[in-house]
Amino acid sequence: MCAGRPYRGGVPPRLRAALGDITAEATDAVVNAANAGLARGAGVCGAIFAAAGPGLAEACSAIGGCPTGGAVVTPGFALPARFIVHAVGPVWSGGEQDEPELLASAYRRSLEVAAEAGAQSIAFPAISTGIYRYPLVEATEVAVRTCRHDAPPGIQLIRFVCFDDATLAAYERELSG
Ligand code: AR6
3 MCAGRPYRGG
13 VPPRLRAALG
23 DITAEATDAV
33 VNAANAGLAR
43 GAGVCGAIFA
53 AAGPGLAEAC
63 SAIGGCPTGG
73 AVVTPGFALP
83 ARFIVHAVGP
93 VWSGGEQDEP
103 ELLASAYRRS
113 LEVAAEAGAQ
123 SIAFPAISTG
133 IYRYPLVEAT
143 EVAVRTCRHD
153 APPGIQLIRF
163 VCFDDATLAA
173 YERELSG
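Under my numbering, the residues of the sequence shown are numbered 3 to 179, in order.
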């Protein structure tokens, strides 16, 4: 993958990083760092299920699941966001199990399904960097590169919502690079 690869649409999306709780984001879509069973988990997933309310678990069990590297959409239920994109990042196993490609695919598919649903703005957590143990700096590089180059034309704003200072610092470094 080439860092200088041009954006494939017309006007590139704005990319921003900020500290925050993704359940409070008022973007059109927020992304959940989901598991392949779309079950209620811990971390950002647990926070989203708690804030969205019981309709979310029903919607997820109706969908049934999502492969690693994929993403599916549900309504936002009680969240300020209209849509929740459930993206399944890889578990880090040392880097030889296609983790970078799978993580890039989770970001790319999230952007695609959000745009198909009509979202123009989307907020991401740092997918896979918590319970799934993906190294932060490497994950941030994949997230920023994929969002910078592969966002479909309808997406105008991408926010990286960071839960701690180390994550924000990693995104700020990558965004300024
Ligand atoms: N807002 C924004 N970011 C958050 C929030 C929040 N409310 N809460 C945590 N984070 P993780 P993963 C950050 O573990 O590594 C679940 O059980 C957190 O600090 O939530 O992809 C799922 O069901 C970290 O930077 O997701 C899966 O089984 C980032 O979100 C599994 O964990 C991702 O951490 C997914 O693991």
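Using N, Cα and C, we set each Cβ at its ideal position, and we do this for glycine too.
If I follow the unbroken alpha helix (DSSP H) through residue i, where does it start and stop?
i	result
C149	138-152
S112	101-119
V46	45-54
Taking the beta strand (DSSP E) that residue i belongs to, which residues open and close that run?
i	result
V13	Taken as a continuous stretch (DSSP letters only), V13 belongs to no beta strand (DSSP E), as it is neither H nor E.
L81	Unbroken run through L81: none, as it is neither H nor E.
A36	That residue, A36, is in no beta strand (DSSP E); it is neither H nor E in DSSP.
R175	First-last for R175: 167-178, but that is the alpha helix (DSSP H), not the beta strand (DSSP E).
I65	Element bounds for I65: not the beta strand (DSSP E) but the alpha helix (DSSP H), 57-65.
A125	123-126
Let me check understanding here. Comparing Cα to Cα, which of the options lies closest to residue i?
i	options	result
L81	S95, A19, E27	E27
G179	T29, L17, G12	L17
E98	Y136, G132, P15, I65	Y136
T25	R161, Y173, I133	R161
I61	R147, F79, G132	With the sequence shown as reference, residue 61 is identified as Ala, and Ile is not the correct amino acid for it. Among R147, F79, G132, the Cα nearest to that of A61 belongs to F79.
D30	T76, I65, D167, V13	T76
G12	P155, P56, T169	P155
Q122	L170, L159, D166, P56	L159
R84	S63, A116, P56	A116
A36	S95, P56, A64, V74	V74
V93	V46, I133, R10	I133
R10	D166, V46, C47, I157	I157
I86	G96, V46, S95	V46
Could you name the residues of the same chain whose beta carbon sits closer than 8 Å to that of residue i, not counting the 5 residues immediately before and after it, in chain order?
i	result
G242	Residue numbering for the chain in the displayed model covers 3 to 179; residue 242 lies beyond these limits and cannot be assessed.
V144	P102, L105, A106, Y109
A53	T25, A80, L81
So, at 6 Å on beta carbons, what are the nonlocal neighbours of residue i in its own chain, with the 5 sequence-adjacent residues on each side left out?
i	result
M3	Residue placement at M3 cannot be trusted, given a pLDDT of 42 that sits under 50; what the coordinates show is reported in the next sentence. There are no such residues.
G120	none
A5	Unreliable placement is indicated for A5, whose pLDDT of 49 sits below 50; the coordinate value is still reported in the next sentence. Taken in chain order, the list of residues that qualify is empty.
F126	V33, F162
T131	L138, A141
Taking residue i and residue j to be in contact with their CB atoms under 8 Å, please state how far apart those CB atoms are, rounded to whole angstroms.
i	j	result
P8	A153	In fact, because the Cβ distance is near 13 Å, the residues do not count as touching under 8 Å.
D23	A44	With a Cβ gap of about 15 Å, D23 and A44 do not count as contacting.
L113	I129	With a Cβ gap of about 12 Å, L113 and I129 do not count as contacting.
F51	L58	6 Å
L21	C149	About 18 Å; that fails the 8 Å criterion.
Looking only at its own chain, which residues have a Cβ that is under 7 Å from the Cβ of residue i, when we skip the five neighbours before and after it?
i	result
A38	G67, C68, P69, T70, V90
L177	L17, A19, V146
A168	L138
Who pairs with residue i in a beta bridge, going by DSSP?
i	result
C164	L21
A31	F85, I124
V74	H88
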